[in-house]
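Protein chains: 2
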Amino acid sequence: MSPRADAGERRARILLSRVCEPGDADACRLVRAHSAAALVERLAAGTLPSAKAQDWAERLPTADVDAMLRAAEHEAARYIVPGDADWPACLGDLEVFEEETGERRAGAPFGLWVRGHGDLSALSTHAVAVVGARAATAYGEHVAGDLAIGAAQGGFTVVSGGAYGIDVAAHRGALAADRPTVAVLAGGIDRMYPQGNKDVLRRITELGVVVAEAAPGCVPTKSRFLIRNRLIAALSLGTVVVEAALRSGSLNTARWARDLNRQVMGVPGPVTSRSSSGVHQLLRQPEAVLVTDAAEVIEQLSPAGTGLAAVKRGPVHIQDQLDLRSLQVLDAVPKHSGATTRSVAGVAGLTHTDVVQRLAELRDLGLVVVEEGRWRLP
Amino acid sequence: MSPRADAGERRARILLSRVCEPGDADACRLVRAHSAAALVERLAAGTLPSAKAQDWAERLPTADVDAMLRAAEHEAARYIVPGDADWPACLGDLEVFEEETGERRAGAPFGLWVRGHGDLSALSTHAVAVVGARAATAYGEHVAGDLAIGAAQGGFTVVSGGAYGIDVAAHRGALAADRPTVAVLAGGIDRMYPQGNKDVLRRITELGVVVAEAAPGCVPTKSRFLIRNRLIAALSLGTVVVEAALRSGSLNTARWARDLNRQVMGVPGPVTSRSSSGVHQLLRQPEAVLVTDAAEVIEQLSPAGTGLAAVKRGPVHIQDQLDLRSLQVLDAVPKHSGATTRSVAGVAGLTHTDVVQRLAELRDLGLVVVEEGRWRLP
Chain A
305 MSPRADAGER RARILLSRVC EPGDADACRL VRAHSAAALV ERLAAGTLPS
355 AKAQDWAERL PTADVDAMLR AAEHEAARYI VPGDADWPAC LGDLEVFEEE
405 TGERRAGAPF GLWVRGHGDL SALSTHAVAV VGARAATAYG EHVAGDLAIG
455 AAQGGFTVVS GGAYGIDVAA HRGALAADRP TVAVLAGGID RMYPQGNKDV
505 LRRITELGVV VAEAAPGCVP TKSRFLIRNR LIAALSLGTV VVEAALRSGS
555 LNTARWARDL NRQVMGVPGP VTSRSSSGVH QLLRQPEAVL VTDAAEVIEQ
605 LSPAGTGLAA VKRGPVHIQD QLDLRSLQVL DAVPKHSGAT TRSVAGVAGL
655 THTDVVQRLA ELRDLGLVVV EEGRWRLP
Chain B
305 MSPRADAGER RARILLSRVC EPGDADACRL VRAHSAAALV ERLAAGTLPS
355 AKAQDWAERL PTADVDAMLR AAEHEAARYI VPGDADWPAC LGDLEVFEEE
405 TGERRAGAPF GLWVRGHGDL SALSTHAVAV VGARAATAYG EHVAGDLAIG
455 AAQGGFTVVS GGAYGIDVAA HRGALAADRP TVAVLAGGID RMYPQGNKDV
505 LRRITELGVV VAEAAPGCVP TKSRFLIRNR LIAALSLGTV VVEAALRSGS
555 LNTARWARDL NRQVMGVPGP VTSRSSSGVH QLLRQPEAVL VTDAAEVIEQ
605 LSPAGTGLAA VKRGPVHIQD QLDLRSLQVL DAVPKHSGAT TRSVAGVAGL
655 THTDVVQRLA ELRDLGLVVV EEGRWRLP
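As they're listed, the protein sequences go chains A and B. The letter at position 355 of the first sequence is residue 659 when you use the numbering used here, and the numbering goes up by one with no holes. The letter at position 252 of the second sequence is residue 556 when you use the numbering used here, and the numbering goes up by one with no holes.
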């Protein structure tokens, strides 16, 4: 647990959230190693030799922390950093991943803009990411909504990216269940992107939170969407992909979930639907589990032995419980005209003694009737 | 390899195929241990003490081998036994399974009735079972047909149960590809069951074979369907289930495939479709592999490193090949009005040197253009 940051450190991180690209691995590492205040000081003094640092230094004067804070305040947004009460501890896994693999794809964030009444730390202890295609089908949106309602009612926070299609269907499902949900944006917290989901994003702030790593004013770019995906994966115990074409960004979120040791799940669809082809490729990987409803998602995310989903069995017929020999006897009993025990035994190819006993059992189960020593179906 | 059976032994097996229930584990074992001729002799002499043996003995006089042979001949069917040139060696795995597990569900068959021009032994060296629900949807029948066409064109024999729905769609697919297919019936070889598939079953005999373990005249009962399923699984390298409700018999075939160390595959469908719910439950088991087309089935059934299916990738965009930083640079280039290298570097948050190099690469890829030192999208 990091110590609580003072006001100077907090302002320095806000400054850097504008000067550096969100998730920039070098920036994230330097802030962790030296504190943002020290980094800003060294940038300003020009004592960091790298070309990248020089570039950041050049941009320092253009970043106006007070203007960013005013923009955030206008949206009732705040900036949280590691050490704050509502900072989600699970994001630390991004740091662990970076250290263990040496991969420089993206760093653990050094701060986040959040907007809404929810406590991101509490919300992310039991969260599931439900993500998928923007160009979703009615089937995908229906399933995503159902999954989200069930997961939310089961006590899980639904995390997604606020985008059109599957994302917003998932958020709407959680809202329909009157439960908090978390939207992680690729651009600034003051840009409720996409515009068409503005109302849903506003409603999310009532119980949940909208989150952004980029500074206020930042536009959502393609690279920022990809970088953003690691936060969706890290904030959840698992990621469910509902509809994804072969190159869907949601598969990138699933990869992050796998890399961070989260559960990876997918909802199948028709193999004739392009919108499901990416999910099917995902489900051919050993780490991914096929899920068909919220109960199976919850089972996957619950500690071993808890949250078990009932195995789907369909309607139970007494016949299905019979062993093969009793089934043979039942098969040998005629529908209309009665047959003697001897004749049933003959047709069934079983011994007389065996058949006598099994016919009595079948009669007790109501599967056969006997009249004047002749057996028939009821 | 068993020695070739003489005429007496063959007649004894035909006799037993009528007297004993198809696949009866005790009968199969006794025939293997003593020969059918010896077993019939002992049954007739009454020297076998078990109640079951007494029952078989009682039925001996009612079985007319010559009548059965005449019925078979009328249908151009023949009886094959282990040791015959066209006896499929793979059925020996049923014996191995029985010996290794001690399970008495069903034995390895001691003979089969076959009808058609195909050589069952040759056909079963490269075979795939395509099975599924009788009450299939148009989606399921379409996919089963496509799979069967592709598998057949890929050199695989399609094995199925000749039933309505998925089974017959699979047989029809193989026939459409002008390739042999194998139908394994639950009743006698003289009963082309179900009636509605009579024409397809006839066409199967032209290049392939129709197979039955039960004696001519036997009706297909529920227990015989379940027993029959082990032959479908054993005759193939793997079983693909296309549509199955939660209690579909095709899941029983998949279990046999698993028990016999065959590949178990399933084709997903909408989670909202009851006809796919059994397949989805199957695909949640670790042994089952999700497949979406014939290429993936063939890959699964081919020796490691051969028959590889192309991983589905969708259309390739040059942008998707870029690393994250080049993508950042591309994101920073304006659409219409040109921007200086310095301005692009500022927006991208990268160093001038880095951006100069990346812009040149992007230009070479045709993703950006430069005019009088100003960069824009083409």
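Glycine included, every Cβ here is placed at the ideal spot set by N, Cα and C.
- Close CB contacts of L424 of chain B within its chain, under the 6 Å cut and outside five residues either way in sequence, are with D390, P392, V418, V513 (chain order).
- Exclusion of the five residues before and after C324 of chain B leaves A331, W360 as the residues of its chain whose Cβ lies within less than 7 Å of its Cβ.
- Note that the C-beta distance between A452 of chain A and V462 of chain A is below 7 Å.
- S464 of chain A: member of the beta strand (DSSP E) spanning 461-464, first to last residue.
- Under the three-state reduction of DSSP, L416 of chain B is assigned to strand.
- Using a 10 angstroms sphere on the CB of V615 of chain A, the tally of other CB atoms stays under 16, which defines it as exposed.
- Non-local beta-carbon contacts of L347 of chain B in its own chain, meaning distances under 7 Å to residues more than five positions away in sequence, involve A357, W360, A361, L364 in chain order.
- The beta-bridge partner set that DSSP reports for I602 of chain B is empty.
- Rounded to whole angstroms, the gap between the alpha carbons of A431 of chain B and C394 of chain B is 11 Å.
- Secondary structure of A487 of chain B (DSSP, three-state): strand.
- Residues of the segment 322-346 of chain A with a C-beta less than 8 Å from any C-beta of chain B: V323, C324, E325, D328, listed in chain order.
- Scanning its chain for C-beta atoms nearer than 6 Å, with the 5 sequence neighbours on each side dropped, one finds around S428 of chain B the residues P392, C394, L539, in chain order.
- Of the residues assessed, H378 of chain A falls on the exposed side of the cut-off, its CB having fewer than 16 other CB atoms within 10 angstroms.
- Secondary structure note for L654 of chain A: it is in no beta strand (DSSP E), with a DSSP letter that is neither H nor E.
- Contact check for G415 of chain A against S321 of chain A passes: the beta carbons are separated by less than 7 Å.
- Contact between the segment 569-577 of chain B and the segment 586-606 of chain B is established, with three or more Cβ pairs separated by less than 8 Å.
- In terms of Cα proximity to L654 of chain A, the closest of A:A467, A:V673, A:A341, A:S630 is A:S630.
- Your pair G312 of chain B and A341 of chain B checks out as a contact, with CB atoms roughly 5 Å apart and the cut at 8 Å.
- Within the DSSP bridge table, the entry for A381 of chain B names B:R419 as partners.
- Within chain B, no residue has its beta carbon less than 9 Å from that of T351 of chain A; the closest one is some 17 Å off.
- For L555 of chain A against G582 of chain A, the beta-carbon gap comes to about 5 Å, under 8 Å, which counts as contact.
- Taking C-beta separations shorter than 6 Å and ignoring five residues to either side along the sequence, the partners of A561 of chain A in its chain run A537, T543, V568, following chain order.
- Between R566 of chain A and A410 of chain A, the C-beta gap is not smaller than 7 Å, which leaves the two residues out of contact.
- The secondary-structure analysis by DSSP pairs Q567 of chain A across a beta bridge with A:G542.
- Under the three-state reduction of DSSP, E675 of chain B is assigned to strand.
- Of the candidates A:L634, A:Q457, A:A474, A:A455, A:A474 places its Cα closest to the Cα of V488 of chain A.
- Pairing L594 of chain B with R559 of chain B, the inter-Cα distance amounts to about 16 Å.
- DSSP places L594 of chain A in no alpha helix (DSSP H) but in the uninterrupted beta strand (DSSP E) bounded by 592-594.
- If you look at V335 of chain B, you'll find it in the alpha helix (DSSP H) that goes 329-338.
- Between G422 of chain A and P484 of chain A, the beta carbon gap of about 5 Å places them in contact (Cβ cut-off 8 Å).
- Fewer than three pairs of CB atoms, one per stretch, sit closer than 8 Å, so the segment 603-611 of chain B makes no contact with the segment 601-608 of chain A.
- The count of Cβ pairs closer than 8 Å, one atom from the segment 433-444 of chain B and one from the segment 396-409 of chain B, stays below three, leaving the stretches out of contact.
- In this structure, the alpha-carbon of V651 of chain B lies about 18 Å from that of L671 of chain B.
- Between S339 of chain A and R646 of chain B, the alpha-carbon positions lie close to 28 Å from each other.
- Within the segment 514-531 of chain A, contact with chain B at the beta-carbon level (separation under 9 Å) is assigned to V523, T525, K526, S527, R528, L530, I531.
- A518 of chain B is not a Cβ neighbour of G477 of chain B, given a cutoff of 7 Å.
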